[in-house]
Amino acid sequence: MDFASVKSVLAAFEREGVRYAIFGAAALNLHGLARFTEDLDVFLEPTADNVARLRRALASVFDDPSIEEITAEDLLGEYPAVQYVPPAGTFHVDLLTRLGQAFAYDDLEVIRAPFEDLTVSVVSPRTLYRMKRDTVRLKDKADAQLLKERFNLEDP
Amino acid sequence: MPVRKFRSVEEMNQPVWRDPGDPALYRVIAGLWESGLKLHGRRFIPGVRRFRGIDELEAAARRPSAAH
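As they're listed, the protein sequences go chains A and B. Heads up, the first sequence is in this note's numbering, so the first residue is 159 and it goes up one at a time. Heads up, the second sequence is in this note's numbering, so the first residue is -19 and it goes up one at a time.
Here it is, written out as structure tokens:
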């Protein structure tokens, strides 16, 4: 992923007051385990206002008319997963308002974490563990085990 | 790069956790992401795509749809 661009996106989220939480591999990085990833996974509070703030934030970083195609109608309706690839094509931002039946934005434990000179919103190690623990991918299960050991997490 | 010594191969492969806020963490992340980008060379097709769920999105992301 393009480190500088990701940081610019997150700085814009903060400026525009987007209500979001980073999850996935980027969250694992911010909790202290450096890991290569090609995507920035972002959970969004599912409101029309928040989606509008998200669009403003992305448009302040990328000169890209396709950002207007990210709509509340989709994210709050039949398409709770939207992928945005910026013009350089070096990474994708995966935007979610629901994760299956298991997780909605209000279910997440979100903490504020440093990202160099920024402070950003990230799911807590416990929430990230719960998200990764029950998936089918072996890599996620291995990550879950690492989180469990590092943060002394227990299964409910 | 400094020399690091280990008592076993298993020890070498242990994940290295750093504390959030430690400048070394962000140097390592930046280096890893940037070198991965150069080595992998994958480029994604710009734009917006919508999916009915994360499974559908992840399946699409795994497809070799992007030009190198």
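Don't be surprised by glycine CBs; every beta carbon is placed ideally from N, CA and C.
By DSSP's assignment, Ser279 (chain A) forms a beta bridge with A:Arg270. The beta carbon of Gly21 (chain B) does not come within 8 Å of any beta carbon belonging to chain A, so the residue lies off that interface. Around the Cβ of Met(-8) (chain B), a 10 Å sphere holds fewer than 16 other Cβ atoms; the residue is exposed.
Contact annotation for Phe194 (chain A) against chain B: Leu12, Trp13, Gly16 [CB-CB distance below 7 Å, chain order]. Close CB contacts of Ala239 (chain A) within its chain, under the 6 Å cut and outside five residues either way in sequence, are with Leu254 (chain order). Among the residues of chain B, those whose CB is under 8 Å from the CB of Thr248 (chain A) are Leu17, Arg23, Phe24, following chain order. At a cut-off of 8 Å, the C-beta of Pro0 (chain B) has a neighbouring C-beta in chain A. Residues of chain A with a Cβ closer than 8 Å to the Cβ of Glu36 (chain B) are, in chain order, Ala239. Around the beta carbon of Gly1 (chain B), fewer than 16 other beta carbons lie within 10 angstroms, which makes this residue exposed. For the C-beta of Pro(-5) (chain B), the chain A residues within less than 8 Å are, from N- to C-terminus, Leu191, Leu304.
Within chain A, no residue has its CB atom less than 7 Å from the CB of Arg(-16) (chain B), the nearest being about 16 Å off. Taking a C-beta distance under 8 Å as the contact criterion, Leu233 (chain A) and Pro272 (chain A) do not qualify as a contact pair. In the DSSP annotation of this structure, His189 (chain A) is not part of any beta strand (DSSP E), being labelled neither H nor E. Residue-level contact by beta carbon fails for Arg42 (chain B) and chain A, as no gap is shorter than 8 Å. Spanning the alpha carbons of Pro(-5) (chain B) and Leu286 (chain A) requires a straight line of approximately 17 Å.
Beta bridge pairing from DSSP links Asp252 (chain A) with A:Asp199, A:Gln241. Around the beta carbon of Phe201 (chain A), 16 or more other beta carbons lie within 10 angstroms, which makes this residue buried.
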